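Residue numbers (numbering that gives the first Met the number 0), protein chains in the order written: chain D, 0 to 238; chain U, 0 to 729; chain F, 0 to 88; chain R, 0 to 88. The C-beta atom is built at its ideal place from N, Cα and C for all residues, glycine as well. Note that the structure is a prediction, hence the values are computed from the model and not measured.
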Amino acid sequence: MSGLVAIPIIPGVNCEHDVAHAISLVGGESAFVHHMEATLPSGTQAVYIPGGFSYGDYLRAGAIARFAPIVAAIGRAAADGMPVLGVCNGFQILCEAGLLPGALARNVGLRFLCQDVHLRVETAGTPVTHRLKAGNVLRIPINHGEGCYTAPTETIDRLEAGNQVLLRYCRPDGTVDPDDRESNPNGSLRSIAGVTNEAGNVAGMMPHPERASESILGSVDGLPIVESLVKVSTTAGVA
Amino acid sequence: MSEQHLHRQLGLTDAELAMYSVMWSEHCSYKSSRVHLGRLPSDGPQVVLGPGENAGVVDIGDGLGVVVRIESHNHPSYVEPYQGAATGVGGILRDILTMGARPTACFDSLRFGLPVEAPATAVAPSGDSGAADDETLRQRWLANGVVSGISGYGNAVGVPTVGGEILFDPTYAGNPLVNVMALGVMELEHLQRAQATGEGNIVLLIGASTGRDGIGGVSVLASSGFEAGDEEKRPSVQVGDPFEEKKLIEACLELFRSGLSVGAQDLGGAGLTCATSETAAGGSGGMDVDLDAVVLREQGMPAFEILTSESQERMLVVVEPGDLDAALDVCARWEAPACVVGRVTDSGRLRVRQGGDVVCDVPPASLAEGIRYDRPLARPARIDALTARDPSAELPVVTEATLREETSLLMTSPNLASAEWAYRQYDHQLFLNTVVRPGEGDAAVLRVMGTDKALAVALDGVGRYGRLDPRRGAALAVAEASRNVSAVGAVPIAAVDCMNFGNPEKPEVMWEFSEAVDGLTEACEALGVPIVGGNVSFYNETSGRDIDPTPIVGVVGLVDPLPGVPSGVGFEVLGDLVLVAGATGVDLGGSEWAWWNYGVVCGSPPAVDWPAERAHNAFLADVQRAGLARSVHDVSLGGVAVCLCECALAGGVGAVVDTTAWAPAISLSAALFSETSGRSVLSVPPGAAEAIEHLAQTHGVPIFRVGEVGGDSIFGIPLADLESAVTPRW
Amino acid sequence: MSDTPTRHVTVTIRPKVGLRDPEGNAIEHALAALGWQGVTNVHVGRTVSFELPAGDDDTARSEAAEMCSRILANPVIEDFQIEVGGRGV
Amino acid sequence: MSDTPTRHVTVTIRPKVGLRDPEGNAIEHALAALGWQGVTNVHVGRTVSFELPAGDDDTARSEAAEMCSRILANPVIEDFQIEVGGRGV
Ligand SMILES: Nc1ncnc2c1ncn2[C@@H]1O[C@H](COP(=O)(O)OP(=O)(O)O)[C@@H](O)[C@H]1O
Ligand SMILES: [Mg+2]
């Protein structure tokens with residue numbers, strides 16, 4: 000029996016149905032949770048914060064959503080070790096809430112980007128990458144205007160040293176070049192596409208694994224990530 | 000007594016006068032076009048609801064219907080490109096929502112003036128070429144603003160924009176076109192009607208507060224062209240709020256699904272006036288409205304302003320009194336503001352009160368029905384002059400020696416440029432339905448979740464053809480859009496049209512309009528595609544100059560069942576055979592090559608051989624169904640030459656072709672650049688060639704082996720050069 | 000580089016009064032939810048600051064005004080205000 | 000409404016010095032293309048202006064500072080500056 004993956008619905012997010020669909024594809028169960036709820040549904044063993052435009056992305060992406068009661072509940076659960084994945088707007092919310100280091104600034108090209116990118120798995124064994132190996136290259140779409148990962152140099156050094164860099168944008172052959180706009184289209188520092196917190200149970204990434212979940216959609220490379228989260232929730236607290 | 004107050008002597012209040020004037024405007028009443036629109040074929044076994052509703056509805060089996068609609072937002076986009084386009088998207092989505100469907104896909108058809116200078120030979124003798132530079136920059140600014148408005152609103156509201164087209168021509172320099180189409184798929188049993196029925200039922204206004212946005216917008220913006228002194232129209236710029244719309248969509252969908260709504264109508268042009276009068280006229284016949292209950296964004300708005308405000312992101316929903324609390328709870332949960340603004344009556348009157356006074360008391364049908372004109376028609380003198388000229392006589396003879404140069408130059412036309420800069424800014428994947436994304440095929444393909452079906456959608460229209468012959472232009476738009484959906488394996492099942500024309504008070508423009516209606520009719524009847532909805536945009540003129548008549552046609556096709564991802568447009572595998580399907584005629588009138596390379600726009604647009612067109616469409620759909628071809632791409636702007644270049648660019652592999660293989664009897668220029676309808680380029684594994692040829696034969700479609708995939712050039716033009724030719728410089 | 004002296008210019012661009020300001024609205028709501036209920040009239044704008052070669056403040060100001068109307072602001076929906084000499088952050 | 004007097008506050012939020020400012024760069028390029036080659040050091044910021052109930056400027060300023068650090072600015076990448084009293088456009 001799978002654990003329940005909670006999908007918080009904060010006004011303006013829009014990927015919740017897609018996320019639920021992808022979770023069901025790997026045999027998981029999910030439940031939507033209203034943003035005014037102060038607790039996660041009982042049986043919740045992992046959280047997937049979907050993408051979209053919470054509060055219209057007004058002020059800054061994620062800046063208003065992070066005050067939602069459900070985000071406080073997620074913060075408490077995360078402190079107790081619950082696996083949490085924030086994708087796109089979900090990642091932005093986690094950064095704004097201080098649950099993940101760094102910030103997501105406007106894409107360097109100043110344009111919104113909806114396209115496939117290649118990602119290199121940097122850290123395997125986390126609740127969202129335990130079905131993958133370091134060095135695996137995945138093709139997954141991005142869809143954002145504010146996805147340029149930014150943090151002070153010391154923070155980034157610390158992330159690298161502590162295996163907190165989850166994914167990097169790369170070329171199809173796995174090479175990483177932060178200055179190459181083809182492979183690192185939003186200009187993220189050191190091509191960082193996803194990070195985790197120090198404990199490793201909270202992860203954020205800009206690309207949308209749920210959009211790469213069926214071959215008819217162009218790629219299934221997102222499935223191992225969704226599956227990692229779903230399967231880790233069956234044995235809650237791995238990592 | 001001053002003239003303005005004459006209406007009072009006639010017994011009308013200020014509010015009533017304002018209401019009649021917006022409702023009887025061109026935009027709301029279709030007063031100039033209605034006498035013609037009735038000729039459009041709108042029946043078909045699959046049509047559930049046709050023109051006249053907020054959106055058309057087509058049955059696709061399994062209890063499901065496709066809801067589809069197209070709208071223009073030309074004038075607002077000229078005044079403020081970002082907000083004009085953004086509010087255009089917002090408006091069309093509410094039309095789909097009003098029917099009870101979640102809008103799940105959006106498409107855009109855009110027209111601007113030239114963003115780059117035309118080749119020296121193409122500069123029209125206009126005399127004001129000195130201003131070209133600033134003008135070019137302005138067109139880029141408009142195009143970028145419109146595209147970011149669509150991106151900004153569509154992405155944030157959570158509706159993917161999965162297809163469209165962007166074309167450029169000097170005719171649109173002073174009047175860009177921004178047409179948006181949207182669709183949704185719904186269970187037909189949940190269809191909503193725009194009716195206020197049941198005496199005593201409660202009228203809710205849901206969504207944004209009401210401000211002074213676009214007061215008189217429909218009459219000011221949609222009913223007049225542009226002159227110097229546009230500033231006066233500026234205060235009516237409307238600002239869209241996709242976040243508010245997103246909440247509105249979720250709240251309304253839940254109201255509809257839980258059966259709490261007995262009728263719904265979006266607030267678009269003419270705002271509350273239109274929504275209340277139309278739902279009352281279509282329902283129990285009467286409504287009492289209390290303006291004091293309307294949440295205002297600004298203090299002190301007089302009744303006529305509240306009644307005609309076009310503030311975005313609002314819906315009217317009718318509920319039974321016993322369901323009121325439940326309905327308000329739903330709205331509260333989605334944080335969509337809602338208030339009770341009225342009651343359904345059977346009085347036969349629309350009665351509006353403010354501060355205890357009755358400010359309006361009229362029969363709603365008198366507002367909703369509007370008036371109609373049968374305006375005079377006159378064939379424009381230019382048409383005979385233009386069609387009398389033979390383009391071939393004004394164009395050079397292309398030879399093997401010059402074809403490479405001719406093709407390279409043609410590929411620099413902005414109309415052949417890659418649109419990736421635009422669609423990359425659009426979320427085109429939300430809802431996990433997009434099987435063929437923008438740039439991957441001739442039409443977008445969206446699977447229908449929960450079934451093994453898919454929809455294919457294409458949007459097309461060519462203004463230059465309309466200048467030469469509006470009837471053929473309109474017909475060709477239907478032909479191209481239908482061919483595009485066939486090319487990805489679909490059978491066309493319905494069409495919507497957006498008629499962008501000049502000033503209808505000119506008999507020449509009305510003639511063009513009437514001809515275009517006949518062209519649509521001819522094409523839709525011939526191809527068996529009913530028109531289930533449309534939109535008319537008149538007064539597309541600047542300083543007295545009308546745009547070329549530009550009908551834009553959106554066609555929805557059904558793929559049933561979807562066998563997998565259809566073949567794309569690109570050449571992929573070395574050694575595959577390249578084939579041209581369909582007969583090529585001498586059709587250079589209005590062609591891209593004649594216009595871009597030589598500035599020649601004359602002669603007649605291609606005439607369509609309808610049985611051949613139909614056969615070719617059926618052939619394409621069968622090819623995709625059988626999975627026989629490696630690539631399929633229809634021939635359109637620029638002819639076979641451009642089509643081959645596009646196939647090579649899309650797949651990253653060139654081809655070696657024999658230019659005498661598909662039309663040996665006509666000149667090389669016509670073989671390469673003719674825009675004859677009903678043709679395509681295919682690449683097939685050598686082993687499948689005979690099967691394809693056999694299939695073509697059974698459909699009666701001529702087909703020619705013209706070469707082989709391979710190499711990194713086409714016509715000897717290196718792919719790298721083509722790549723830079725199609726990379727936009729704006 | 001030339002020897003023309005430069006002026007520091009800051010232009011502030013705001014939505015025209017009376018236009019709807021959804022972003023300002025959303026922020027106002029968020030602030031109220033955080034306990035700042037009394038905060039009203041919230042509006043969002045942009046600033047652009049730069050160094051401009053100009054011999055005097057008036058020249059700088061009129062150059063900046065032209066920059067605003069040509070590219071920095073959209074006069075249809077925005078007003079702008081120019082400050083010369085003041086240093087930004 | 001209460002009788003507490005209000006103050007007009009404008010906060011300006013800018014990318015931290017040393018961080019990339021792609022928007023500033025883009026504007027600098029666009030200006031150069033239009034003939035303003037000499038314009039340098041272009042930086043872009045956002046402003047949030049509002050009316051705040053406060054008895055005096057200092058109270059207003061400290062309230063606004065709290066608003067900035069809680070929500071209006073992101074301290075990881077942004078600096079802010081507060082101006083009390085000045086009316087905007
Ligand atoms: N404005 C746009 N928005 C979204 N997609 C677009 C737009 N313009 C072009 N496209 C996409 O780019 C591809 C090529 O467009 P186009 O050259 O107009 O196709 P065709 O000539 O076959 O009609 C199509 O997939 C189309 O949907
Ligand atoms: Mg096509």
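Cross-chain neighbours of residue i in chain B, by beta carbon under 7 Å
{"i": "aspartate 426 of chain U", "result": "In summary, chain B is missing from the structure at hand, where the protein chains are D, U, F and R."}
From the options, residue whose alpha carbon lies closest to that of residue i
{"i": "valine 57 of chain U", "options": "U:Ala155, U:Glu188, U:Thr135, U:Pro75", "result": "U:Glu188"}
{"i": "leucine 732 of chain U", "options": "U:Ala582, U:Glu689, U:Gly518, U:Ala416", "result": "Because chain U is modelled from 0 through 729, residue 732 of chain U falls outside the range shown and cannot be assessed."}
{"i": "serine 61 of chain F", "options": "F:Asp78, F:Ile76, F:Glu22, F:Val83", "result": "F:Val83"}
{"i": "threonine 86 of chain U", "options": "U:Ser673, U:Asp212, U:Glu645, U:Glu52", "result": "U:Asp212"}
{"i": "serine 566 of chain U", "options": "U:Val461, U:Ala279, U:Ser630, U:Ala478", "result": "U:Ser630"}
{"i": "alanine 37 of chain D", "options": "D:Ile215, D:Glu209, D:Arg75, D:His20", "result": "D:Arg75"}
{"i": "arginine 210 of chain D", "options": "U:Leu648, U:Gln428, U:Val558, U:Arg33", "result": "U:Gln428"}
{"i": "glycine 80 of chain D", "options": "D:Leu216, D:Thr195, D:Ser214", "result": "D:Thr195"}
{"i": "phenylalanine 303 of chain U", "options": "U:Thr411, U:Gln623, U:Val293", "result": "U:Val293"}
{"i": "alanine 364 of chain U", "options": "U:Thr278, U:Cys497, U:Glu540", "result": "U:Thr278"}
Cβ of residue i within 8 Å of any chain F Cβ
{"i": "aspartate 240 of chain U", "result": "yes"}
{"i": "valine 78 of chain U", "result": "yes"}
{"i": "glutamate 50 of chain R", "result": "yes"}
{"i": "arginine 296 of chain U", "result": "yes"}
Proximity test, Cβ basis, 8 Å: residue i and chain R
{"i": "threonine 128 of chain F", "result": "Limits of chain F in this structure are 0 at one end and 88 at the other, which puts residue 128 of chain F out of reach."}
{"i": "valine 88 of chain F", "result": "The predicted position of valine 88 of chain F is uncertain, since its pLDDT is 34 and thus under 50; no value can be drawn from it."}
{"i": "valine 194 of chain D", "result": "no"}
{"i": "leucine 18 of chain F", "result": "no"}
Other residues of its chain near residue i: CB distance less than 7 Å, five sequence neighbours each side excluded
{"i": "proline 223 of chain D", "result": "Arg130, Leu131"}
{"i": "valine 655 of chain U", "result": "Gly706, Glu707, Gly709, Gly710"}
{"i": "threonine 549 of chain U", "result": "Arg110, Leu176, Gly460, Gly462, Gly465, Asn499"}
{"i": "glycine 99 of chain U", "result": "Met185, His189, Leu190, Gln191, Phe255"}
Close beta carbons around residue i, own chain, < 8 Å, minus the five adjacent residues each side
{"i": "arginine 374 of chain U", "result": "Ser31, Pro503, Glu504, Pro506, Met509"}
{"i": "aspartate 291 of chain U", "result": "Arg352, Gln353, Gly354"}
{"i": "proline 685 of chain U", "result": "Gly574, Asp575, Leu576"}
{"i": "glycine 87 of chain F", "result": "Because the pLDDT at glycine 87 of chain F is just 39, under 50, the model does not fix this residue reliably, and the value given afterwards should be weighed accordingly. Closer than 8 Å at Cβ, skipping near neighbours: His7, Thr9, Thr46, Ser48."}
{"i": "leucine 409 of chain U", "result": "Leu415, Glu591, Trp592, Trp595, Asn596, Gly637, Ala640, Val641, Phe672"}
Cutoff 6 Å; reference residue i; Cβ partners in own chain excluding five residues on either side
{"i": "glycine 42 of chain D", "result": "Leu3"}
{"i": "phenylalanine 703 of chain U", "result": "Val579, Ala660, Trp661"}
{"i": "glutamine 80 of chain R", "result": "Thr11"}
{"i": "valine 46 of chain D", "result": "Ala5, Ile73, Val83"}
Within-8 Å CB hit, residue i to chain D
{"i": "alanine 72 of chain F", "result": "no"}
{"i": "proline 21 of chain F", "result": "yes"}
Whole-number beta carbon distance between residue j and residue i, since they are thought to touch under 8 Å
{"i": "cysteine 105 of chain U", "j": "proline 175 of chain U", "result": "With 8 Å as the limit, cysteine 105 of chain U and proline 175 of chain U do not qualify as a contact, their Cβ atoms being about 18 Å apart."}
{"i": "serine 276 of chain U", "j": "valine 317 of chain U", "result": "Not confirmed; about 14 Å, so no contact."}
{"i": "histidine 16 of chain D", "j": "phenylalanine 430 of chain U", "result": "7 Å"}
{"i": "proline 49 of chain D", "j": "valine 12 of chain D", "result": "5 Å"}
{"i": "serine 212 of chain D", "j": "alanine 21 of chain D", "result": "4 Å"}
Chain U within 8 Å of residue i, Cβ atoms only
{"i": "phenylalanine 31 of chain D", "result": "no"}
{"i": "alanine 25 of chain F", "result": "yes"}
{"i": "valine 41 of chain F", "result": "no"}
- request: At 3 residues or longer, and completely inside the stretch 139-223 of chain U: list those beta strand (DSSP E) runs for me, N to C.
  value: 160-167, 176-186, 201-206
- request: Identify every run of the alpha helix (DSSP H) within the stretch 568-602 of chain U, keeping only runs that are complete inside it and at least 4 residues long; order them along the chain.
  value: 591-597
task: Entirely within the stretch 353-411 of chain U and at least 4 residues each: give me those alpha helix (DSSP H) ranges in chain order.
output: 363-368, 380-387, 390-393, 402-409
message: Give the list of continuous beta strand (DSSP E) stretches no shorter than 3 residues that lie fully inside the stretch 657-695 of chain U.
response: 679-683
query: Mind pulling the beta strand (DSSP E) runs of 3 or more residues that sit fully within the stretch 35-100 of chain D?
result: 43-48, 83-86
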